[in-house]
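Take the sequence shown: its position 14, counting from 1, is numbered 14 in the numbering used here, and each next residue is one higher.
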Amino acid sequence: MSDQAELKKLNDEKKALNEKQKALREKLNAGKSERAEVRKAQAVCRKDSITQKAAIRELSASIYNTLKSSDKVAINKLADDMMEAAAELSGTIRKFAETCEDEL
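So this is what it looks like as C-alpha cells:
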C-alpha cells in the first residue's frame with residue numbers, strides 16, 4: 001500500500017471516530033440533563049415529605065388531648081386530617097419512587 005493511500009485511510013478512520021465521538025457526547029449530554037431533572041424532582045419530593053411528616057407529627061401530638069375531650073366532632077375531624085396528611089405523604093413517596101424508576 002502506498003503512503004498516500006495509507007494516509008487517506010487514516011484520515012477516513014479519524015473522521016469516522018470524530019463523528020462517533022460527537023454522537024456519544026450528544027447522547028451523554030442529553031442524559032445529563034435528564035438526570036438533573038430527576039434529581040430536582042427527588043429534591044422536591046424530599047422537601048415535601050419533610051413538611052408532610054411535620055404535619056403528621058403535629059396531628060399525632062394532639063391525639064391524646066382530642067380523645068380526652070370526648071368531642072365527637074373534634075375526634076372525627078382529627079381522624080380525617082390524619083388520613084388526609086397520610087395520603088399526601090404516601091403520594092409524595094410514590095412520586096419519589098417513580099423518579100427512581102426513571103433514573104435506571
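Even for Gly, the Cβ is constructed at its ideal location relative to N, Cα and C.
Grab me the residues of residue i's own chain with a C-beta within less than 8 Å of its C-beta, minus the 5 sequence neighbours each way, in chain order.
{"i": "residue 104", "result": "Here the model assigns residue 104 a pLDDT of 44, short of 50, so the residue's position is not dependable and the matter cannot be decided."}
{"i": "residue 78", "result": "59, 62, 63 and 66"}
{"i": "residue 99", "result": "38, 41, 42 and 45"}
{"i": "residue 25", "result": "none"}
{"i": "residue 91", "result": "none"}
Within its chain, find whatever has a CB closer than 7 Å to the CB of residue i; leave out the 5 residues flanking it on each side and keep chain order.
{"i": "residue 89", "result": "49, 52, 53 and 56"}
{"i": "residue 31", "result": "none"}
Over the uninterrupted alpha helix (DSSP H) stretch that includes residue i, give me the two end residues.
{"i": "residue 33", "result": "3–61"}
Leaving out five residues before and five after residue i in sequence, what residues of the same chain have Cβ atoms less than 6 Å from its Cβ?
{"i": "residue 86", "result": "none"}
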